[in-house]
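Chains as they are written, first to last, in the numbering used here: chain A, 6 to 87; chain B, 225 to 549.
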């Protein structure tokens, strides 16, 4: 019986390990907010590298020209929702 | 300080501090929305007017063309994705060109128009408006090459300083807009009607993509809509798709599909229908809808002959819609 289990493990073990590693990777992605980032990209705003934007504004590469066509949102509303 | 809501396009992005709109270049800093690419184009070129394509607007003239990073659409087949699908902070090239410098440079280069193009100029509309106003004051025309995904009030304001539009009507199907472009069809149609109401010169482009929007019944419906809402004299350009960006799995549009689309639009009654991105001397030239006289002969983007006389057919005198002088 033990010999049979070992033979099966040798054959199916790598596949089982691959499945486990995939589950761990998906779990990590979800817990680190990967899904949230994806959702944001389709809900009307994007998380950007704000430090890089500010740095390039200070160096003159980009501008802090105030845009037209916007208003300040009411405070109670949830971030990222339209 | 807090979130802001952008009112420029139908996406109405609600942007928290430190975030950007879906376009990547309109950024909320300290509770105020900033147009970060104002005066910072990443592409500057001189193109022939025919490349826009605008076939009934100052034919054969050079156009000083500018674009910044960013876009409010995310078309899977975008041909300028390295420019349009990036924020300003991700660009290696950022020219410093304030509106007056753009106008001065355009004049120095002998251009009679400035084009706002390549990405979608809607997302840098403040820069467009200021540049176009100065360009007008110095005798230059302004052309706007766009997907037309913009709200009515900002569009009406832009129409005050823009002379011609080529609007990309990507398909006559809301599902296509949602799946391929992350947008909706209706605002684009509304924008086209607004352009017509405002009196700017308008041409329409439709990129024909195999299996996705090459259904001839849909092309017929689109052509009818253009005829009824914009007028039979509105030029329509069918353009050939090339595999790009996230849509490399489809082949280039067969010439036969473009010819069929051209024929459908002609049958519906559109008078000026063209084929682009494919060498077709006949479907790239302008003919009198009344007597068939060859009016403007083109080879690719080059005007070989312009036979119009005061904007009319030299044979029968039929007035041809467009801006010719």
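We treat Cβ as the ideally placed atom computed from N, Cα and C, and that holds for glycine.
What you are looking at is a predicted structure, and each value in this text was computed from that prediction instead of being measured.
The CB of residue 239(B) comes closer than 7 Å to the CB of 50 in chain A, given here in chain order.
The residues 375, in chain order, have a CB closer than 7 Å to that of residue 231(B) in the same chain once the five nearest residues on each side in sequence are set aside. The alpha carbon of residue 420(B) has as its nearest neighbour, out of 450(B), 443(B), 437(B), the alpha carbon of 450(B).
Rounded to the nearest angstrom, the Cβ distance from residue 279(B) to residue 388(B) is 11 Å, too far for a contact under 8 Å.
Residue nearest to residue 360(B) within the set 458(B), 397(B), 328(B) is 328(B) (criterion: CA-CA distance). Taken through DSSP and simplified to helix, strand or coil, residue 365(B) comes out as strand. Counting only runs that start and end inside the segment 347-394 of chain B, the beta strand (DSSP E) elements of at least 3 residues fall at 365-370, 388-392.
It is roughly 21 Å from the alpha-carbon of residue 414(B) to the alpha-carbon of residue 340(B). Against chain A, the CB of residue 405(B) has no partner CB under 8 Å away; the residue lies outside that interface. The count of Cβ pairs closer than 8 Å, one atom from the segment 436-443 of chain B and one from the segment 261-270 of chain B, stays below three, leaving the stretches out of contact.
For residue 228(B), the beta-bridge partners assigned by DSSP are 77(A), 239(B).
In the three-state scheme derived from DSSP, where H, G and I count as helix and E and B as strand, residue 401(B) is classed as helix. In this structure residue 482(B) is in contact with residue 462(B), their Cβ atoms being roughly 5 Å apart against a cut-off of 8 Å.
Closer than 8 Å to the CB of residue 246(B) there is at least one CB belonging to chain A. Of the residues 352(B), 315(B), 316(B), the one whose Cα lies closest to the Cα of residue 324(B) is 352(B). The beta carbon of residue 243(B) falls within 8 Å of a beta carbon belonging to chain A, placing the residue at that interface. When Cβ-Cβ separations below 8 Å define contact, residue 230(B) makes contact with chain A. Of the residues 246(B), 287(B), 423(B), the one whose Cα lies closest to the Cα of residue 52(A) is 246(B).
In the three-state reduction of the DSSP assignment, residue 481(B) falls in the helix class, which pools H, G and I.
Proximity of residue 429(B) to chain A, defined by a Cβ-Cβ separation below 8 Å, is not satisfied. Under the DSSP assignment, residue 533(B) falls outside any beta strand (DSSP E); it carries neither an H nor an E label. Boundaries of the beta strand (DSSP E) harbouring residue 429(B): 425-432, taken from the DSSP string. Beta-carbon to beta-carbon, residue 468(B) and residue 301(B) are separated by about 5 Å, close enough to satisfy the 8 Å threshold. When secondary structure is reduced to three states using DSSP, residue 19(A) falls in the helix class. Between residue 297(B) and residue 266(B), the CB-CB gap reaches or exceeds 8 Å. Counting C-beta pairs closer than 8 Å gives fewer than three between the segment 528-539 of chain B and the segment 364-373 of chain B, which falls short of the contact rule. CA-to-CA, the gap between residue 67(A) and residue 344(B) works out to about 18 Å.
Partner residues in a beta bridge of residue 503(B), as assigned by DSSP, do not exist. Residue 326(B) and residue 448(B) have their C-alpha atoms some 39 Å from each other. In the three-state DSSP reduction, residue 63(A) falls in the helix class (H, G or I). Counted as a single uninterrupted DSSP element, the beta strand (DSSP E) harbouring residue 523(B) occupies residues 518-523. Secondary structure note for residue 445(B): its alpha helix (DSSP H) is the uninterrupted segment 440-449.
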